[in-house]
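Here the sequence shown stands for residues 0 to 131, where the numbers follow numbering that gives the first Met the number 0. Here a beta-carbon is modelled for each residue, glycine too, at the ideal position from N, C-alpha and C. Just so we're clear, the structure is a prediction, and the values are computed from it rather than from any experiment.
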Amino acid sequence: MTEREACAYSPLSLAFLGDCVYERYVRERLLREANMPVAKLHALAVARVCAEYQSVAFDTILPHLTEQEEVILRRGRNATGNTVPKHADVATYRRATAVECLFGYLCLCGNEARIAELFERIWTETKYSEKE
């Protein structure tokens, strides 16, 4: 799909796809790093997929984005109509949605290498705390 075609989707639709793409990267990375019980894998995944972590990841990748990627990130952050979970404030949730929007956009454009590059930055440069 072309960038123009991918941009035709709403930011929340892109985030819908991006949520899946991002979580797949997290789960695969955790599994490859250690063979452990599923409950432990799940807890570690939740810590890296939650809105709070993705909001911090927003700041991690922002300086490394192209102009077009920044546009997509802003569209995702400014999207309205999404409900905010009780455990996250509006700003945190919107920044998390922005990251998911970008991942969805890059997926539709077939830019798996760029997704992997950004994910690697997030994984290595964003601090997280495991949810107990």
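| Item | Value |
| --- | --- |
| Leaving out five residues before and five after Gly17 in sequence, what residues of the same chain have Cβ atoms less than 6 angstroms from its Cβ? | Glu99, Cys100, Phe102 and Gly103 |
| Could you name the residues of the same chain whose beta carbon sits closer than 8 angstroms to that of Cys106, not counting the 5 residues immediately before and after it, in chain order? | Leu16, Gly17, Val20 and Ile114 |
| Using three-state DSSP, classify Leu11 as helix, strand or coil. | helix |
| Going by CA-CA distance only, name the one from Glu111, Ala90 and His86 that's closest to Arg76. | Ala90 |
| Is the beta carbon of Ala95 less than 9 angstroms from the beta carbon of Cys49? | yes |
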